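A.B. asks:
Structural data, given as structure tokens:
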């Protein structure tokens, strides 16, 4: 199974169009994964107004992704405050568990930015992670990266989670896909886990094509 993984589109539909075009032209890609921050920030007067505007962006993004005619999985990032439709099986917590039983979402531990309902602290994250069924076949889809692994921004700050790093050390999932830190795009092995940072930045539309069976990977710059 080959997946194309990307993240941090931030409501830029020109970026999403490039992604859709690329995947449509690649017959070997079976699934597209978006690791959060799908929608943009807006200057608004209330949180409810932001939810409504982002919901419209979310619906437009889903409509565009339907052109691919392949399975799409996504999670929310720290900038995504919209409510996902309960019937949306593209959203990882709602997807077909029989077909995608190795995929695990940990989006609710996104905590490093302001005011989202998925915020928490490291102790809470450790508790939540301990309850997830993760083994060496698991494929983790997260917005936040592990601490000191593809999480260093250009300002020198490490924005990853120590709890996630500890989970990887103990449970050694097969893959850990993440975004969030736009400056840390890359592919690295950590405690037998392939950590793949997939975030687009303000200039470049990008991601990785990964063969989940062989661990072969291809950097994609669009």
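Residue numbers (the UniProt record's numbering): 1 to 222. Where is the CB? At the ideal position from N, CA and C, for every residue including glycine. Note that the structure is predicted; figures quoted are calculated from it, not measured.
(1) On a CA-only basis, which of 69, 67, 68 and 42 is nearest residue 56? Give me that one, please.
(2) What first and last residue would you give for the beta strand (DSSP E) that runs through residue 175?
(3) Going by beta carbon distance, what residues of the same chain come within less than 7 Å of residue 154, once the five residues before and after it are set aside?
(4) Inspect the CB distances between the segment 85 to 96 and the segment 188 to 195 and report whether three or more fall short of 8 Å.
(5) Pull up the DSSP beta-bridge partners for residue 31, would you.
(6) Got a sec? Which residues, its chain only, sit under 8 Å from residue 40 by beta carbon, not counting five neighbours each side?
(7) What is the DSSP secondary structure of residue 218, counted as helix, strand or coil?
(8) Return helix, strand or coil for residue 210, following the three-state DSSP convention.
(9) Cα separation between residue 110 and residue 209?
(10) Quick check on DSSP: helix, strand or coil for residue 13?
(11) Does DSSP put residue 146 in a helix, in a strand, or in coil?
(12) Please classify residue 306: is it buried, with 16 or more other beta-carbons within 10 angstroms of its beta-carbon, or exposed?
(13) Check residue 20 in the structure and name its three-state DSSP category.
C.D. replies: A quick look at the data gives this:
(1) 42
(2) 175 to 178
(3) 183
(4) no
(5) 3 and 71
(6) 10, 11, 12, 54, 57 and 79
(7) strand
(8) Per DSSP, reduced to three states, the secondary structure at residue 210 is strand.
(9) A caution first: residue 110 carries a pLDDT of 35, below 50, which makes its placement in the model too unreliable to give a value.
(10) helix
(11) DSSP, reduced to helix, strand and coil, places residue 146 within a strand of the structure shown.
(12) This structure leaves residue 306 out entirely; the chain is present only between 1 and 222.
(13) Residue state, collapsed to three classes: helix.
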